[in-house]
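Participant: Sequential numbering of the sequence shown, starting at 69, is according to our numbering. Backbone N, C-alpha and C fix where the C-beta goes; we use that ideal spot for every residue, glycine too. Remember, predicted model here, so these are calculated numbers, not experimental data.
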Amino acid sequence: MPPFFPPRPLDGIRILALVGDDYEDLELWYPKLRLEEAGAHVTVAGLMQGRTYAGKHGYPCTSDAAITDMEAADFHGILLPGGWMPDKLRRDEKVLDLVREFAAHGKLVAAICHGGWIPISAGVYRGVRVTGSPGIKDDLMNAGAIWEDTQVVVDRHFVSSRKPADLPAFMGAIVELLAAVPVP
Numbered sequence: 069m070p071p072f073f074p075p076r077p078l079d080g081i082r083i084l085a086l087v088g089d090d091y092e093d094l095e096l097w098y099p100k101l102r103l104e105e106a107g108a109h110v111t112v113a114g115l116m117q118g119r120t121y122a123g124k125h126g127y128p129c130t131s132d133a134a135i136t137d138m139e140a141a142d143f144h145g146i147l148l149p150g151g152w153m154p155d156k157l158r159r160d161e162k163v164l165d166l167v168r169e170f171a172a173h174g175k176l177v178a179a180i181c182h183g184g185w186i187p188i189s190a191g192v193y194r195g196v197r198v199t200g201s202p203g204i205k206d207d208l209m210n211a212g213a214i215w216e217d218t219q220v221v222v223d224r225h226f227v228s229s230r231k232p233a234d235l236p237a238f239m240g241a242i243v244e245l246l247a248a249v250p251v252p
């Protein structure tokens, strides 16, 4: 029997994923591996390149790059995992500028759970239909987002989900959206 090779609808797609201490382990690793399986190249960036960050549940992730060196023009989308990490990273102006650039150019902005804190602080959720952790529902609404309590919400290039149990729906929506992106 020949080996199984899944379809690679995301060949040529480049995604920036953010990492920092206390990231939600599953919300970084599941999307990273699923995107790579579909053919995308994922760059994981933290405040420092080559630093190993500990997830909330202890799983380590070593950053490929420093956030300060990243440019939205080099990627098709950004992944914002949850955990307590987003509360720290949303204080970094480069992080906010990156999210604003992705949003302004109609590129994927994908946030799960508390990852929505970053687009809130970047000011890009006004009038956008989203979901997220119920713990940040009021923050989302106060930022002008239109809250929905469902597994995944897709509003143009914004994709959001509530929690790790929603990851299959989250990633299904992301892969579908990115598969339609023209790649030279």
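(1) Output needed for residue 98: all residues of its chain with C-beta closer than 6 Å, excluding positions within five of it in sequence on either side, in chain order.
(2) Applying the criterion that 16 or more other CB atoms from any shown protein chain within 10 Å of the CB defines a buried residue, is residue 239 buried or exposed?
(3) What do you get for residue 101, buried or exposed, if any count of 16 or more other CB atoms within 10 angstroms of its CB means buried?
(4) Hey, quick one: how far does the alpha helix (DSSP H) through residue 220 stretch, first residue to last?
(5) Buried or exposed, going by whether 16 or more other CB atoms sit within 10 Å of the CB of residue 212?
(6) Suppose the cutoff is 8 Å on Cβ atoms and the five residues either side in sequence are ignored; what does the same chain contact list for residue 143 look like?
(7) Residue 243 and residue 80 - do their beta-carbons sit closer together than 9 Å?
(8) Report the residue from 106, 120, 107 and 74 whose alpha carbon sits nearest the alpha carbon of residue 88.
(9) Can we say the region 202-212 touches the region 174-190, given the rule of at least three CB pairs closer than 8 Å?
Facilitator: Taking the definition as stated:
(1) For residue 98, where only same-chain residues beyond five positions count, the Cβ hits under 6 Å are 235.
(2) Per the 10 Å Cβ criterion, buried.
(3) Exposed, since its Cβ has fewer than 16 Cβ neighbours within 10 Å.
(4) Per DSSP, residue 220 belongs to no alpha helix (DSSP H); it is in the beta strand (DSSP E), 220-223.
(5) Counting Cβ neighbours within 10 Å, residue 212 comes out exposed, since fewer than 16 surround it.
(6) Correct list, in chain order: 82, 83, 84, 111, 170 and 175.
(7) Taking the C-beta atoms as reference points, residue 243 is found no nearer than 9 Å to residue 80.
(8) For residue 88, the nearest C-alpha among the options comes from 120.
(9) By the C-beta criterion, the region 202-212 is judged to be in contact with the region 174-190, since at least 3 inter-stretch pairs fall below 8 Å.
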